[in-house]
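Visitor: Residue numbers (this note's numbering): 1 to 449.
A single structure is presented below for examination.
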Amino acid sequence: MKETLAPLGLGTEKIGKLLMKYALPAIVAMTAASLYNITDSIFIGHGVGPLALSGLAITFPIMNLGAAFGSLVGVGASAVLSIRMGQKDYETANHILGNVFVMNLIMGTGFSAGMLLFLDPVLLFFGASAATLPYAHDFMVIILAGNVVTHMYFGLNALLRSAGSPQRAMMATIYTVLINMALNPLFIFVFHWGIRGSALATIISQVVVLGWQMHLFSDRRFFIHWKKGIYRLKRRIVLDSLSIGMAPFLMNAASCLIVIIINRQLLRHGGDLAVGAYGIVNRVAFLFVMIVIGLNQGMQPIAGYNYGAMLYGRVREVLKKSIVYATLIMLAGFGVVEIFPHAVASMFTDEAQLVDLAVPGLRWVFAVYPLVGFQMVSSAFFQSIGKAGKSIVLAMTRQMLFLVPILLVLPNFLGTEGVWMSMTVSDFISVLLAAFLLYNELKTTKNGK
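Rendered as structure tokens:
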């Protein structure tokens, strides 16, 4: 069924029903995306070897940095789109589509070119060793070659979601995952292309789905679509998108720096396999984080629309429900990892030493996860209503101001366990800050409708 109008129900339907309508597709999509990353690692761990898994972990900072530039455009523009829809400014909404296309083309190309020029020195700085560098290099050459496609894919998916097509955004992600999961074992186990085969499967899947997304936005019955005059960059759209997108950009950029420090500390105190253990911990933690991100993506158009329409009671209601659901999601992750850590780690590798290194990491990182969901929703909420400054503060304090100094100190006394503990301590402090900022924000809208 084709959409012909903007989703005006965002301001009138029951919040619980809306949140399920928008969040469930996003949660399914994010869960599928994280399962893709997990299966990717499983195929590499079992089909290529434990050192390849460590090499893959070395690439996480570049992947995070690429995601940072992608979110700077896609997430920011999707938030602006929701607010403009709430204000009934549909002409600007259509120009946002064209501007996102151009901005992603510029940033995606520039990022790829810059990284490919200095790839090996960058990977060595990120914690690669002589044993893991070949795997990291082979993987990233292919990923970077297709980086423009990746930026376009994620940017258009964010717009689909905010433009009232959460189901289509969900299906785009699911199609990508299914294609990737079909190609990964084929390229690794049948064609014996190793870690390069996994990277190639990723890019091919995104190329196919990007073609489908481009087709969707060609439908003139959809209230935003490709047409002449929308591709010229508009100062207000660019600045508003980059301003709101700065919070997720800084969050991903901070993740890049954090992963570099973690990899280097683990390499120093535990060796290549300790880096591989972080690769396992990161993938498992990523699963539950992505589910909450999916919830936040469902919350964002609802909160943004109603904030733009000054329906503050509805804004507070969607926030409260999102916090409850995020807490339940993280509680589930906490329970699984704390009860079955060996089984979880063993999914990725048959190497007993690698499993033993990953288990304490899983337990420490998930120790405060029941509280982290609240922090994530709070940061996304500020981003959704255009309060970029507060969102940036929450993003930066959790991953930079709190975590970096702790990471630089604790491992000197506690070794690899100090690396894991650093993440737990930082998360707990950031939850306290989020509670303070959110309490003050809600006081300002308590007299709203």
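All residues carry an ideal CB built from backbone N, CA and C; glycine is no exception.
Since this is a predicted model, take the numbers as computed values, not measurements.
Can you give me the Cβ contacts of M396 inside the same chain, cut-off strictly under 7 Å, excluding the 5 residues immediately before and after it?
Guide: Taking the sequence shown and counting its residues from 1, one reaches residue 396 at position 396. Within the same chain, M396 has close Cβ partners L250, A254.
Visitor: Less than 7 Å between the C-beta atoms of G47 and F111, yes or no?
Guide: Start at 1 with the first residue of the sequence shown, and residue 47 comes out as number 47. Start at 1 with the first residue of the sequence shown, and residue 111 comes out as number 111. No, Cβ-Cβ distance for G47 and F111 is not below 7 Å.
Visitor: Could you tell me which of V284, L287, S322, F288 sits nearest to I302, measuring between CA atoms?
Guide: In the sequence shown, residue 302 corresponds to position 302, counting from 1. Answer by Cα proximity: S322.
Visitor: In the DSSP assignment, the alpha helix (DSSP H) including M85 goes from what residue to what residue?
Guide: Here residue 85 refers to the residue found at position 85 of the sequence shown. Taken as a continuous stretch (DSSP letters only), the alpha helix (DSSP H) holding M85 covers 60-86.
Visitor: Which residues in the same chain as A128 place their Cβ atom closer than 6 Å to its Cβ, once the five residues preceding and following it in sequence are excluded?
Guide: As a position in the sequence shown, residue 128 is number 128, starting the count at 1. I58, A136.
Visitor: Taking Cβ positions, are T176 and V209 nearer each other than 7 Å?
Guide: Position 176 of the sequence shown, counted from the start, is the residue given in the question as residue 176. Position 209 of the sequence shown, counted from the start, is the residue given in the question as residue 209. Yes, the Cβ-Cβ distance between T176 and V209 is below 7 Å.
Visitor: At a cut of 8 Å, does the stretch 288-298 reach the stretch 431-446 through at least three beta carbon pairs?
Guide: Verdict: no, contact absent.
Visitor: Tell me which same chain residues have a C-beta within less than 6 Å of the C-beta of I280, skipping the five on either side of it?
Guide: Within the sequence shown, numbered from 1, the residue matching residue 280 stands at position 280. Within the same chain, I280 has close Cβ partners A345, F348, A358.
Visitor: With 16 other CB atoms within 10 Å as the buried threshold, where does G245 fall?
Guide: If you number the sequence shown from 1, residue 245 lands on position 245. Answer is buried; the Cβ neighbour count reaches 16.
Visitor: Within its chain, find whatever has a CB closer than 8 Å to the CB of K2; leave out the 5 residues flanking it on each side and keep chain order.
Guide: The sequence position of residue 2 within the sequence shown is 2, counting from 1. Note that K2 scores 42 on pLDDT, short of 50, meaning its location in the model is unreliable and no value can be drawn from it.
Visitor: Is A172 near N157, with beta carbons less than 7 Å apart?
Guide: As a position in the sequence shown, residue 172 is number 172, starting the count at 1. As a position in the sequence shown, residue 157 is number 157, starting the count at 1. In contact: A172 and N157 (Cβ atoms closer than 7 Å).
Visitor: Return the chain-ordered list of same chain residues with a C-beta closer than 6 Å to the C-beta of H215, the five sequence neighbours on each side being excluded.
Guide: Stepping through the sequence shown from its first residue, residue 215 is reached at position 215. Cβ neighbours of H215 beyond the five flanking positions: none.
Visitor: Specify the secondary structure class of A163 as computed by DSSP and reduced to three states.
Guide: Translated into the one-based positions of the sequence shown, residue 163 becomes position 163. Coil.
Visitor: So the candidates are A309, S78, P134; which of them puts its Cα closest to the Cα of G86?
Guide: The residue labelled residue 86 in the question sits at position 86 within the sequence shown. The option with the nearest alpha carbon to G86 is A309.
Visitor: Tell me which same chain residues have a C-beta within less than 8 Å of the C-beta of M140, skipping the five on either side of it?
Guide: Counting from 1 along the sequence shown, the entry for residue 140 is found at position 140. T59, I62, M115, L119, L123, A199, listed in sequence order.
Visitor: Going by alpha carbons, who is nearest to F43 out of R84, N180, I329?
Guide: Reading the sequence shown from its first residue, position 43 is the one you call residue 43. For F43, the nearest C-alpha among the options comes from N180.
Visitor: With a threshold of 6 Å (Cβ to nearest heavy atom), would H215 be considered close to the ligand MG?
Guide: In the structure on display, the ligand MG does not appear, and there are no ligands present to speak of.
Visitor: Does DSSP put L433 in a helix, a strand or coil?
Guide: As a position in the sequence shown, residue 433 is number 433, starting the count at 1. Of the three classes helix, strand and coil, the one that applies to L433 here is helix, per DSSP.
Visitor: Compare the Cα-Cα distances from G276 to each of T39, K21, L51 and report the closest residue.
Guide: Stepping through the sequence shown from its first residue, residue 276 is reached at position 276. With distances taken between Cα atoms, G276 lies closest to L51.
Visitor: Looking at the unbroken alpha helix (DSSP H) that takes in Y307, where does it start and where does it end?
Guide: Taking the first residue of the sequence shown as 1, we reach residue 307 at position 307. Y307 -> alpha helix (DSSP H) spans 272-308.
Visitor: Have a look at L437 and F428 and give me their C-alpha separation to the nearest angstrom.
Guide: By one-based count along the sequence shown, residue 437 stands at place 437. By one-based count along the sequence shown, residue 428 stands at place 428. Each residue's alpha carbon lies about 15 Å from the other.
Visitor: On a Cα-Cα basis, can you pick out the residue from G98, L178, L72, H95 that is closest to N37?
Guide: Taking the sequence shown and counting its residues from 1, the one referred to as residue 37 is at position 37. Selected option, being the one with the closest Cα: L178.
Visitor: Specify the secondary structure class of L311 as computed by DSSP and reduced to three states.
Guide: As a first step, residue 311 must be located in the sequence shown, where it is residue number 311. L311 falls in the coil class under three-state DSSP.
Visitor: Could you check if K14 is buried or exposed, using at least 16 other CB atoms within 10 Å of its CB as the buried criterion?
Guide: Residue mapping note: residue 14 aligns to position 14 of the sequence shown, counting from 1. With fewer than 16 Cβ atoms within 10 Å of its Cβ, K14 is classed as exposed.
Visitor: According to DSSP, simplified to helix, strand and coil, what is T202?
Guide: Within the sequence shown, the letter at position 202 stands for residue 202. Note: T202 maps to helix in three-state DSSP.
Visitor: Here's a check: name, in chain order, each residue in its chain whose Cβ is nearer than 8 Å to the Cβ of T424, leaving out the five neighbours to either side.
Guide: Residue 424 sits at position 424 when you count from the first residue of the sequence shown. W364, V365, A367, V368, listed in sequence order.
Visitor: How about S243 and A380: are their beta carbons less than 7 Å apart?
Guide: Here residue 243 is taken as the residue at index 243 of the sequence shown, counted from 1. Here residue 380 is taken as the residue at index 380 of the sequence shown, counted from 1. No; because the gap between Cβ atoms is not below 7 Å, this pair is not in contact.
Visitor: Looking only at its chain, what residues have a beta carbon closer than 8 Å to the beta carbon of L273, apart from the 5 residues adjacent to it on each side?
Guide: Taking the sequence shown and counting its residues from 1, one reaches residue 273 at position 273. So the qualifying residues of the chain are P50, S54, E351, Q353, L354, L357.
Visitor: Figure out for me which residue from M20, L72, V80 has the closest Cα to the Cα of G386.
Guide: Mapped onto the sequence shown, residue 386 falls at position 386. The shortest Cα separation from G386 among M20, L72, V80 belongs to V80.
Visitor: Classify E91: buried if its beta carbon has 16 or more other beta carbons within 10 angstroms, exposed otherwise.
Guide: Reading the sequence shown from its first residue, position 91 is the one you call residue 91. Its Cβ having fewer than 16 others within 10 Å, E91 is exposed.
Visitor: Let me know the secondary structure DSSP gives H46 once reduced to three states.
Guide: Locating residue 46 in the sequence shown gives position 46, counting from the first residue. DSSP places H46 in helix when its eight states are reduced to three.
Visitor: Extract the residue ranges of the alpha helix (DSSP H) inside the stretch 110-190, only unbroken runs of 4 or more that lie entirely within it.
Guide: Counting whole runs of 4 or more residues, the stretch 110-190 contains the alpha helix (DSSP H) stretches 119-125, 133-145, 147-162, 166-185.
Visitor: Rank A169, L266, Y231, L371 by C-alpha distance to the C-alpha of G418 and give the top, closest one.
Guide: Working through the sequence shown from its first residue, we reach residue 418 at position 418. Closest option to G418, Cα to Cα, is L266.
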